[in-house]
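Undergrad:
There are 2 protein chains.
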Amino acid sequence: MNEFELIGRYFTRPAQRAVLGVGDDCALLAPAQGRQLAISADMLVAGRHFFPDVDPYRLGHKALAVNLSDLAAMGAQPSWCTLSIALPAVDEAWLAAFSAGFFALADLHGVELVGGDTTRGPLTIAVQIAGEIEPGQALRRDGARIGDDIWVSGVLGAASVAVLARSGKLAGQGIVLSAEQQARCGERLDMPTPRVALGRALRGIAHAALDVSDGLLGDLRHIAARSGVAAELDWLQLPVDPAIINLPLAMQQQAVLTGGDEYELCFTAATAQRAALQALSVELDLPLTRIGRITAGEGVHARAGDGSPLLAGARGFDHFAA
Amino acid sequence: MNEFELIGRYFTRPAQRAVLGVGDDCALLAPAQGRQLAISADMLVAGRHFFPDVDPYRLGHKALAVNLSDLAAMGAQPSWCTLSIALPAVDEAWLAAFSAGFFALADLHGVELVGGDTTRGPLTIAVQIAGEIEPGQALRRDGARIGDDIWVSGVLGAASVAVLARSGKLAGQGIVLSAEQQARCGERLDMPTPRVALGRALRGIAHAALDVSDGLLGDLRHIAARSGVAAELDWLQLPVDPAIINLPLAMQQQAVLTGGDEYELCFTAATAQRAALQALSVELDLPLTRIGRITAGEGVHARAGDGSPLLAGARGFDHFAA
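Chain order of the listed sequences is A and B. UniProt numbering numbers the first residue of the first sequence as 1 and each following residue consecutively. UniProt numbering numbers the first residue of the second sequence as 1 and each following residue consecutively.
(1) Report the residue from B:S153, B:R303 and B:A230 whose alpha carbon sits nearest the alpha carbon of B:G199.
(2) By alpha-carbon positions, which one of B:A18, B:Q33, B:F50 and B:I39 ends up nearest to B:M191?
(3) Below 6 Å CB to CB, which residues in the same chain sit around B:R145 once its five sequence neighbours on both sides are set aside?
(4) Among the residues of its own chain, which have a CB less than 6 Å from the CB of B:E283, if the five just before and after it don't count?
(5) Can you tell me whether DSSP reads B:S160 as helix, strand or coil?
(6) Can you list, in chain order, the stretches of the beta strand (DSSP E) that have 3 or more residues and sit fully within the UniProt domain "PurM-like C-terminal" (146 to 301) of chain B?
(7) Taking the CB atoms as reference points, tell me whether B:I39 and A:A243 lie closer together than 8 Å.
(8) Can you give me the C-alpha to C-alpha distance between B:F11 and A:L37, rounded to a whole angstrom?
(9) Say the cut is 7 Å; is the CB of A:Q253 nearer than that to a heavy atom of the ligand MG?
(10) As a quick exercise: from A:L95, A:W235, A:S167 and A:A255, pick the residue whose alpha carbon is nearest that of A:E3.
(11) For A:V176, is the classification buried or exposed, using 16 other Cβ atoms within 10 angstroms of its Cβ as the cut-off for buried?
(12) Rounded C-beta distance between A:I150 and A:R293? I'm assuming under 8 Å.
(13) Just the C-alpha distance for B:S178 and B:D261, rounded to the nearest angstrom, thanks.
(14) Report buried or exposed for B:P78, applying the criterion of at least 16 other Cβ atoms within 10 angstroms of its Cβ.
(15) Which parts of the region 15 to 61 of chain B are runs of the beta strand (DSSP E), unbroken and 3 residues or longer, counting only runs that do not cross its ends?
(16) When you compare the CB of A:T193 with every CB in chain B, is at least one pair closer than 8 Å?
(17) Where does A:E264 land, buried or exposed, given buried means 16+ other C-beta within 10 angstroms?
(18) Given this structure, state the Cα-to-Cα distance separating residue 323 of chain A from A:L105, to the nearest angstrom.
(19) With a threshold of 8 Å on Cβ separation, who are the neighbours of A:M1 within its own chain once the five nearest residues in sequence on each side are excluded?
(20) Check distances from the C-beta atoms of the region 43 to 55 of chain A to those of chain B and list, in chain order, the residues that come in under 9 Å.
(21) Which chain B residues are close to A:C185, counting only those with a beta carbon under 7 Å from its beta carbon?
(22) What residue range does the beta strand (DSSP E) around A:A314 cover?
(23) Which partner residues of A:T119 appear in the DSSP bridge assignment?
(24) Give the DSSP-derived three-state secondary structure of A:L105 in the structure shown.
(25) Rounded to the nearest angstrom, what separates B:D42 and B:A100 at their Cα positions?
(26) Are the C-beta atoms of B:R13 and some chain A residue less than 8 Å apart?
(27) For B:P31, go through chain A and note every residue whose CB falls closer than 7 Å to its CB, in chain order.
(28) Have a look at A:D148, A:T289, A:A201 and A:V19 and flag the residue whose alpha-carbon is nearest the alpha-carbon of A:A72.
(29) For A:P287, count the other beta carbons within 10 Å of its own beta carbon; 16 or more makes it buried, fewer makes it exposed. Which is it?
(30) Check each residue of the region 57 to 83 of chain A: if its Cβ is closer than 7 Å to any Cβ of chain B, include it; give the result in chain order.
(31) Within this structure, are the beta carbons of B:R140 and A:D24 separated by less than 8 Å?
(32) Residues in the same chain with beta-carbon distance under 6 Å from B:T82, minus the five sequence neighbours each way, listed in chain order, please.
(33) How many angstroms separate the CA atom of B:P14 from the CA atom of B:S84?
(34) Buried or exposed: which applies to A:R58, given that a residue is buried once 16 or more other Cβ atoms fall within 10 Å of its Cβ?
Shown next as structure tokens:
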């Protein structure tokens, strides 16, 4: 199987909305009139972003999900993407599963794969995605206002516990997860659900938003810094994933406040929006939890149940940390 | 230096035409009304697409150039790009040079870097690019017509001779390049000039076009297959790079007909366009050479000076060839 056969078999489908799809020097697209484009790109590297032996169907899902999550965090409607992939070798079963996972999620969100590149190399996946958004409606990081509530979708902490479990660090501390806990945590790590419908619904409601990819405290720092405000979080309000509530408290706090790979949306909104957000939570069948508030000042300050500072030095995940 | 400092120092510049540039979950762009978007993505892997010790300024140039070349091959006007890069470690001198090379070329073509990703991993560079094109004006691969001339820009063969020289394969055959030859060949390999102005000028003139990235014969097969025609090339008409004309004839033929990394445009046009193309060659100060013609049939057929078939089995570069 050569490169072109590989692309043809696993990554080429008839153009849908694209004027011209995979197979020429470029794809051609006709953007909707009067919309802006929201653009993002993420790269996943074997051994850093995923375990090299991860199920390829799940990897295909996740490679697209993390990009869809960036569109969700802007309130954009997904439209098309490109996929560049370096593979150590051609493994047809792997490719079939990877592309099935990728396209299943693409179909769910109506996002069209219009181009990319395939090469040999250490397993690396680079997706670039574009969505459409009405001018002035994007959920930016710089719009948080003093007095806003801080909200988060879903429940937190299980994805990073899955990393601890798979890397043997839980066993090293004498902690054993049940089969159900393991499955739930693994599902959260491998198969994140990009909150696209939530992002769309937050247009006109949220003042600022982002997705939780590098850890809640570190990610919230971006909203605080760009908006020129402080963020205060109350541990007792945080939605801890039921799959991890029998773990030691310090481990729960670490996982919920600093764990990456959650892909939930964290956003701020005026207190006047509480009823609307509670109704939205019911409509989307998705927990939306008030976890703190925006105040004057700077930085992100989490407090434990007794009011003491929690993980004050925590920063977001940094690929280049010493 | 952490990941965000790295992005801030080397890859963030004030937004120009973008509504919102680097630093949020997505960039926001306002596409021009009435234009289509041409989209392409290329991934470069250390040790496969470039020598790991290549000058980083040149690598920054090339990473963008190969993507601009895809836009050129469609006749599109470059507008914005994303850059995702995996780095084995933070090397500030390397990053400064890489980003300088990248932005120097970006500035030359008015293309704006609006987003991307930075992570640790085996050195890998994924660029995705977008340009604007008037509806119906794109230079596709499927438009070649029987009777068309086949043209190529520039002169060919030096880039792949540089690969042979750097990998020690020339020395292995007892061939020594002069310092001038080495410099010229290296320049062609490392610093390709994307033919953007040519691509724009070919709108309304060329019937089909692509850029020569995997070897002329292999690339032309795409035009022949998609257009349902054959392509005939005459070796004596091919523009051989002066830097390689003292090499053995068979080596020249291999380099010119099958060498990748040229990033010249190969296109077809009606014979009535010969005068216009000669004038364009003068205007752009760029050789445009008629190298063959489109005929009924299939495949690509190159003939030597005596009429005998040349490199009949040649295919384009294939990353997954056995």
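All residues carry an ideal CB built from backbone N, CA and C; glycine is no exception. Note that the coordinates shown come from a computational prediction; the quantities given were computed from them, not determined experimentally.
TA: Walking through what the data contain:
(1) B:S153
(2) B:F50
(3) H207
(4) none
(5) helix
(6) 149 to 153, 206 to 211, 230 to 234, 265 to 269 and 288 to 295
(7) no
(8) 21 Å
(9) Among the components of this structure there are no ligands whatsoever, and the ligand MG is therefore not found.
(10) A:L95
(11) exposed
(12) 6 Å
(13) 21 Å
(14) buried
(15) 27 to 29 and 36 to 45
(16) no
(17) buried
(18) Chain A is shown only over 1 to 322; residue 323 of chain A falls outside these bounds and no answer can be derived.
(19) R9, V90 and E92
(20) M43, L44, V45, A46, G47, R48 and H49
(21) The contacting residues do not exist; A:C185 stays about 23 Å from chain B at best.
(22) Here A:A314 belongs to no beta strand (DSSP E), and DSSP marks it neither H nor E.
(23) A:A86
(24) helix
(25) 19 Å
(26) no
(27) P31 and L37
(28) A:A201
(29) exposed
(30) D70, L71, A73, M74, A76 and T82
(31) yes
(32) G115, G116 and Q128
(33) 19 Å
(34) buried
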